[in-house]
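Residue numbers (our numbering), protein chains in the order written: chain A, 70 to 395; chain B, 70 to 395.
Idealized CB from N, CA, C, for every residue including glycine.
Number of protein chains: 2
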Amino acid sequence: MKKVIIDIYGADCGPELIIKGALKAMEIYDDLGVVFVGNKEVIKSVTGENERIEIIETDDFIRNDENPQVVFSGREQSSLVLSLKNLKNNDDCIGMLSAGSTGALLIGSIRHLGLIKGLRTPALSSDLPLFNGKLVCLVDCGANIACTPHDLVRFALMGNAFKECVYPDIKPKVALLSVGKEEGKGNDLTKEAYNLLKELPINFIGNMEGSDLVTGYADVVVSDGFSGNIILKCAEASGLVAKGIVDEMAKRENRSDDPLIKAISHYINQTFNYNARGGATFLGTEKTVIKMHGCAVEDTVVSCIEQLLRLEKAGFREKIKKAMEK
Amino acid sequence: MKKVIIDIYGADCGPELIIKGALKAMEIYDDLGVVFVGNKEVIKSVTGENERIEIIETDDFIRNDENPQVVFSGREQSSLVLSLKNLKNNDDCIGMLSAGSTGALLIGSIRHLGLIKGLRTPALSSDLPLFNGKLVCLVDCGANIACTPHDLVRFALMGNAFKECVYPDIKPKVALLSVGKEEGKGNDLTKEAYNLLKELPINFIGNMEGSDLVTGYADVVVSDGFSGNIILKCAEASGLVAKGIVDEMAKRENRSDDPLIKAISHYINQTFNYNARGGATFLGTEKTVIKMHGCAVEDTVVSCIEQLLRLEKAGFREKIKKAMEK
Chain A
70 MKKVIIDIYG ADCGPELIIK GALKAMEIYD DLGVVFVGNK EVIKSVTGEN
120 ERIEIIETDD FIRNDENPQV VFSGREQSSL VLSLKNLKNN DDCIGMLSAG
170 STGALLIGSI RHLGLIKGLR TPALSSDLPL FNGKLVCLVD CGANIACTPH
220 DLVRFALMGN AFKECVYPDI KPKVALLSVG KEEGKGNDLT KEAYNLLKEL
270 PINFIGNMEG SDLVTGYADV VVSDGFSGNI ILKCAEASGL VAKGIVDEMA
320 KRENRSDDPL IKAISHYINQ TFNYNARGGA TFLGTEKTVI KMHGCAVEDT
370 VVSCIEQLLR LEKAGFREKI KKAMEK
Chain B
70 MKKVIIDIYG ADCGPELIIK GALKAMEIYD DLGVVFVGNK EVIKSVTGEN
120 ERIEIIETDD FIRNDENPQV VFSGREQSSL VLSLKNLKNN DDCIGMLSAG
170 STGALLIGSI RHLGLIKGLR TPALSSDLPL FNGKLVCLVD CGANIACTPH
220 DLVRFALMGN AFKECVYPDI KPKVALLSVG KEEGKGNDLT KEAYNLLKEL
270 PINFIGNMEG SDLVTGYADV VVSDGFSGNI ILKCAEASGL VAKGIVDEMA
320 KRENRSDDPL IKAISHYINQ TFNYNARGGA TFLGTEKTVI KMHGCAVEDT
370 VVSCIEQLLR LEKAGFREKI KKAMEK
């Protein structure tokens, strides 16, 4: 039985829905076990008795407004640290989910799980939906604010490996986020990274512009975490503003119930509401950690668990290791 | 009579429409004169005889794919350089428009117009429409790829002065583009800039995130040109992808002619199609230069001329000078 560890805290919707989401995934996957980390009564009240469920008890959790460094001192009993430690120490645990503090999860992962050889930091990657139903992997989307050219190389290799796991049949197109497509466009960081990226044994297609994130130009978008974060949030907000225009104009004409309008609004939301959709995967840790968005709901948990199972099946960690040897 | 110089070259639509746009503006503004720079026959064929029009003849222009440095050598007869020189030397010329190479226009402006004291480079600002009809000024949107914290301070002061000229009654809210709203979030550049910005005599409201560009959070968005460029292009493309979803889904249902669908599509386009809308204003040059987008059409010329007249009337250059003294 493959087990997934779930830190029940940190989501806006409260722990109950997170637990329910995990139960839903267990209905789909017969050989899935879940280790919940959190308050026993809360968990039991949702799950009842279930032999595929284990509980690690704690009431402490790290809040988003705390300094992430608290994972180093005195918070050994927090749900986040307990989850990471158990993930590290149990061979049948394939990964964990948490909607807790990204910063604490990042540095906690480095400390408790360790990094794959050749890395100085994990990267945070998001698999963003496109209008055409495909997904584009943006790496890094906010974990690493200051990056070196070699960091971007590692992001490219890991993003490529991630994409190869999810779509074994394609050779992912990897592009570097910059201010113009031509070689030589960009800042010092991207110019140096460009020269390194073109030597890699991946399908590097050169620079891309901010507009190309949402048009399906690349399968993997490589960026420092500062630019990655602002472009991710900007794309999401822009799409949702457009959805707001659809909803508001329809409302004013008393046409909110028009099936076509509803379908359009729903489709734009599905394309751009990254936050509601799922989670971001840490690339480069010795076991896989998925950061669920704060507004995660039941289905978020299901899709994140599916992501963990898919990556495990495809030998994700081995692929990253191999990529790092290059 | 206030005169505006117009480089007729560089727009995808060809010089005729640019000239027609200027004529349209002259119909609206009785005391507006135009100095066209370009081929005399082409200009005359559109304008006929008109005593409010002057022509500076040339057939040479700098292409977008040329190295911008050509403005320094041997291209004295290009429409761009002739426009800048005439702008500099004629007191009754208040500004110029060009759809030519941004890079050539940038370095040509520094060389031929000069910079307001206290500046080491002009900034490129775009006034972007929001869903609510307001405009947000993004500075810098791509002219300055590598910036110092003090550059960002200058961008803030100039963006603030620009906004005060356009909306004399409001105290513009100025925000710094970063990866989180809290003080202390960001990279070294934004962290240092934050400390400087909060000491300025402007309404600095702190950091903003990528999502806040399109939601009306700030009136002036301060950014280095790399981040500014990618976020500008990302917002535009995301909105236009959403518009594409509206159009495509309506088409599939044979409902493209539905007035509400058409109105929604049009409104999203108006909100996000920055490129079709107008131009970007250089802030900090001794006279005002507006870079029209390559896909400028007649109405682009009209709105850019209106922008020049508005800035002139509001004493834009004096406001920037005063801001730089602070």
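Should residue i and residue j be called a contact, given that it needs their Cβ atoms to be closer than 8 Å?
i: residue 152/B; j: residue 131/B; result: no
i: residue 274/B; j: residue 235/B; result: no
i: residue 376/A; j: residue 350/A; result: yes
i: residue 207/A; j: residue 292/A; result: yes
i: residue 248/A; j: residue 374/B; result: no
i: residue 117/A; j: residue 149/A; result: no
i: residue 280/A; j: residue 312/B; result: no
i: residue 262/A; j: residue 227/A; result: no
i: residue 137/B; j: residue 176/B; result: yes
i: residue 245/B; j: residue 266/B; result: yes
i: residue 433/B; j: residue 318/A; result: The displayed coordinates of chain B run from 70 to 395. Any statement about residue 433/B would go beyond what the structure contains.
i: residue 392/B; j: residue 237/B; result: no
i: residue 94/B; j: residue 87/B; result: no
i: residue 97/B; j: residue 166/B; result: no
i: residue 395/B; j: residue 270/B; result: yes
Could you tell me which chain B residues have their CB closer than 9 Å to the CB of residue i, listed as they occur along the chain?
i: residue 225/A; result: Within chain B, no residue comes near residue 225/A; the closest Cβ sits about 17 Å away, beyond 9 Å.
i: residue 217/A; result: Those do not exist, as residue 217/A stays about 13 Å from chain B at its closest Cβ, beyond 9 Å.
i: residue 105/A; result: Those within 9 Å of residue 105/A in chain B number zero; the least Cβ separation is about 30 Å.
Could you tell me which residues DSSP puts in a beta bridge with residue i?
i: residue 274/A; result: DSSP output for residue 274/A lists no bridge partner at all.
i: residue 103/B; result: 73/B and 122/B
i: residue 369/B; result: Per DSSP, none; premise fails for residue 369/B.
i: residue 192/A; result: 352/A
i: residue 129/A; result: 147/A
i: residue 198/B; result: 204/B
i: residue 82/B; result: According to DSSP, which records beta bridges pairwise, residue 82/B is partnered with nothing at all.
i: residue 360/A; result: 167/A and 349/A
i: residue 216/B; result: Paired residue(s): none; residue 216/B is not in a bridge.
i: residue 242/B; result: 272/B
i: residue 162/A; result: 72/A
For residue i, go through chain A and note every residue whose CB falls closer than 7 Å to its CB, in chain order.
i: residue 298/B; result: 248 and 279
i: residue 302/B; result: 278, 279 and 280
i: residue 190/B; result: Residues of chain A passing the Cβ test: none, with the nearest at roughly 15 Å.
i: residue 337/B; result: 311 and 314
Establish whether the CB of residue i and some CB of chain A are separated by less than 8 Å.
i: residue 264/B; result: no
i: residue 324/B; result: yes
i: residue 351/B; result: no
i: residue 307/B; result: yes
i: residue 214/B; result: yes
i: residue 295/B; result: yes
Give me the chain A residues within the contact set of residue i, using Cβ-Cβ distance strictly less than 8 Å, ordered along the chain.
i: residue 313/B; result: 200
i: residue 25/B; result: For residue 25/B there is no data in the structure shown, the boundaries of chain B being 70 and 395.
Quick one: which chain B residues come within Cβ less than 8 Å of residue i?
i: residue 340/A; result: 310, 311 and 314
If you measure from the beta carbon of residue i to each beta carbon in chain B, is any gap under 8 Å?
i: residue 361/A; result: no
i: residue 256/A; result: yes
i: residue 253/A; result: no
i: residue 211/A; result: yes
i: residue 284/A; result: yes
i: residue 176/A; result: no
i: residue 197/A; result: no
i: residue 204/A; result: no
i: residue 385/A; result: no
i: residue 329/A; result: yes
At a CB-CB cut-off below 7 Å, which residues of chain B make contact with residue i?
i: residue 274/A; result: Under the 7 Å cutoff, chain B gives no residues; its nearest Cβ is about 17 Å from residue 274/A.
Going along chain A, which residues have a C-beta under 9 Å from residue i?
i: residue 261/B; result: By Cβ distance, chain A contributes nothing, its closest Cβ being about 13 Å from residue 261/B, past 9 Å.
Q. Between the segment 115-146 of chain A and chain B, which residues of the former have a C-beta closer than 9 Å to a C-beta of the latter?
A. 134
Q) If you measure beta-carbon to beta-carbon, which residues of the segment 145-171 of chain A are closer than 7 Å to chain B? A) none
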